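Note sheet for the following structure.
In full-length UniProt numbering, the protein residues as written are 1 to 535.
Dropping the structure here:
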């Protein structure tokens, strides 16, 4: 990361060919670097997110995978190209930028041109920090070759042809005997090695002790090493920072999808501990953990799933991770955990993870399209995790799709019904928090919406809101929000006309002390404001 906070990429695009001249070249000084493919240097026409979180032009990823080539970024990260997901938000943002700047929309680069760029970089392999991998390492091993692999190796569900049931770490990036050889003294029977460690910084005594156990071929040693890592990182901030190394993360990628429950559980718990440090959060996501965490969330052991949900919550706190986690498909399994998990802790952490993900507009849309609104309204009606669910509904109501789904789902009647009953919380402070979040959700629904007035009147809103405003007990913020809803209901067309949403939000935020969530609307369109209060 540079001083600007932007991710710096390895400059591949100095190669030129006839094909390159046919591509649109906007002024490089004006083009945001995140819009450019790190391999071609062109505006991306079909951006895709890879498993480790970076965005590339689709053809660039295809060429790299066909040639068995993995680029190395300036910060030392080697992206995991095993999975690609269309980055529709980035594509929409690029097209909007082109329209605004009167720049020609990007076209897909010519395959042969991209291949030329990649082959040029491959020719400079010795000094470039870029490794070539063999075809056999990208494709799953054939049955007749399986005897040459360790019995402890774990298959990958994220490799190009999805044939194997469980994912593996970055073994697809390991050097092959048929290609360029790299010394690697830390191989585990040719199974768990994921990179060349010879150029890494020397290990501390603490890391070496854990590393020696994890690199063993014995499952008992793996268990002991992971238990030691978990205990060491549980309470020591310094250990969480010093042990979040590429070597340790490499092993965790493998063990977090282990078939052994004890190994998987301790690997997941160790990752949660490492993720608690802010400086580790981005590194963990860029190391390709999100698809593995989602896989465990869908099919792992119960205890491992609980830890994985905690890890996703911790990683989602980091602003730069929110989009990646949403794009890679975490929303639906988190919703399933919120609704169905037997663990109260897992349900609470799932709600927290979804809350942080919902602070950006694209994830709010994903939640709505995944059926979150009727599910959450049902949970509010039954009193489950009411405070957190209501705060999530506040965020969903801040986007047009969420607001429409809530109004269609009788959210106004349900929420005023909960207020009439006393808030729907679990008692004590939780009840007060639930009441405040309930009123907050109603306030968000009321802003700039003509339907709200009629629905609120049918639900007996004025009587309920007047009682909240006039009673002695209750927080000032709760009364302020209730008063704002009454003002909106009585304010006539001005409260519901053009610009009403922005005016009302500005007044409410100034009065209540809440901060506005920073976001970028997809395609330049306004998506509303998300609650950013803390739980």
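Note that CB positions come from ideal geometry on N, CA and C, so glycine has one too. Only a predicted model underlies this, so the values are computations on that prediction, with no experimental measurement involved.
Status (buried if at least 16 other CB within 10 Å, exposed otherwise) for residue i
i           : result
residue 306 : buried
residue 165 : Summary for residue 165: the model assigns pLDDT 32, below 50, so the residue's position carries little reliability; its value from the coordinates is reported in the next sentence. Residue 165 comes out exposed.
residue 371 : exposed
residue 366 : buried
residue 102 : exposed
residue 422 : exposed
residue 362 : buried
residue 211 : buried
residue 395 : buried
residue 158 : The predicted model places residue 158 with a pLDDT of 36, which falls under 50 and marks its position as unreliable; any figure quoted below should be read in that light. Classification for residue 158: buried.
residue 222 : buried
residue 528 : Its pLDDT being 44, under 50, residue 528 is placed unreliably by the model, and the measurement read from it follows with that caveat. Answer is buried; the Cβ neighbour count reaches 16.
residue 558 : With the chain covering 1 to 535 only, the question about residue 558 has no answer from this structure.
residue 300 : buried
residue 207 : buried
residue 552 : The structure shown does not extend to residue 552, since the chain spans only 1 to 535, so no value can be given for it.
residue 340 : exposed
residue 106 : buried
residue 302 : exposed
residue 38  : buried
residue 71  : buried
residue 347 : buried
residue 449 : buried
residue 121 : buried
residue 112 : exposed
residue 235 : exposed
residue 388 : buried
residue 259 : exposed
Proximity of residue i and residue j at Cβ, strictly below 7 Å
i           : j           : result
residue 419 : residue 451 : no
residue 357 : residue 326 : yes
residue 329 : residue 284 : no
residue 226 : residue 268 : no
residue 280 : residue 271 : no
residue 402 : residue 51  : no
residue 321 : residue 312 : no
residue 354 : residue 377 : no
residue 351 : residue 338 : yes
residue 537 : residue 233 : Residue numbering for the chain in the displayed model covers 1 to 535; residue 537 lies beyond these limits and cannot be assessed.
residue 94  : residue 35  : yes
residue 576 : residue 276 : The structure shown has nothing for residue 576, since the chain only spans 1 to 535.
residue 543 : residue 118 : Only positions 1 to 535 of the chain appear in the structure, and residue 543 is not among them; the question remains open.
residue 349 : residue 413 : no
residue 393 : residue 441 : yes
Of the residues the options, the one placed nearest residue i, counting alpha carbons only
i           : options               : result
residue 382 : 365, 107 and 415      : 415
residue 466 : 458, 454, 481 and 455 : 481
residue 475 : 346, 436, 81 and 448  : 436
residue 86  : 54, 120, 65 and 46    : 46
residue 57  : 449, 40, 215 and 373  : 40
residue 214 : 80, 468 and 264       : 264
residue 308 : 243, 319 and 252      : 252
residue 457 : 490, 42 and 331       : 490
residue 386 : 247, 79, 344 and 368  : 344
residue 400 : 373, 380 and 379      : 373
residue 80  : 291, 105, 298 and 203 : 291
residue 202 : 229, 246 and 231      : 246
residue 369 : 89, 331, 110 and 384  : 331
residue 336 : 303, 323 and 375      : 375
residue 84  : 61, 99, 92 and 69     : 61
residue 230 : 218, 347, 380 and 262 : 262
residue 342 : 120, 388 and 384      : 384
residue 108 : 91, 30 and 122        : 91
residue 286 : 304, 259, 298 and 244 : 244
residue 473 : 111, 432 and 237      : 432
Residue i beta carbon near the ligand HEM (any heavy atom closer than 6 Å)
i           : result
residue 302 : This structure lacks the ligand HEM; in fact it carries no ligand of any kind.
Expected contact under 8 Å - CB spacing of residue i and residue j to nearest Å
i           : j           : result
residue 63  : residue 114 : 5 Å
residue 444 : residue 398 : 6 Å
residue 483 : residue 446 : Not really, about 12 Å apart at Cβ, beyond 8 Å.
residue 390 : residue 434 : 6 Å
residue 257 : residue 296 : 7 Å
Residue-chain proximity (residue i, chain B), Cβ-Cβ < 7 Å
i           : result
residue 337 : You won't find chain B in this structure, because it holds only one protein chain.
Extract the residue ranges of the alpha helix (DSSP H) inside the region 404–461, only unbroken runs of 4 or more that lie entirely within it. You should have 411–421, 429–446 and 450–458.
Uninterrupted beta strand (DSSP E) stretches inside the region 303–353 (no shorter than 3 residues): Here no run is fully enclosed.
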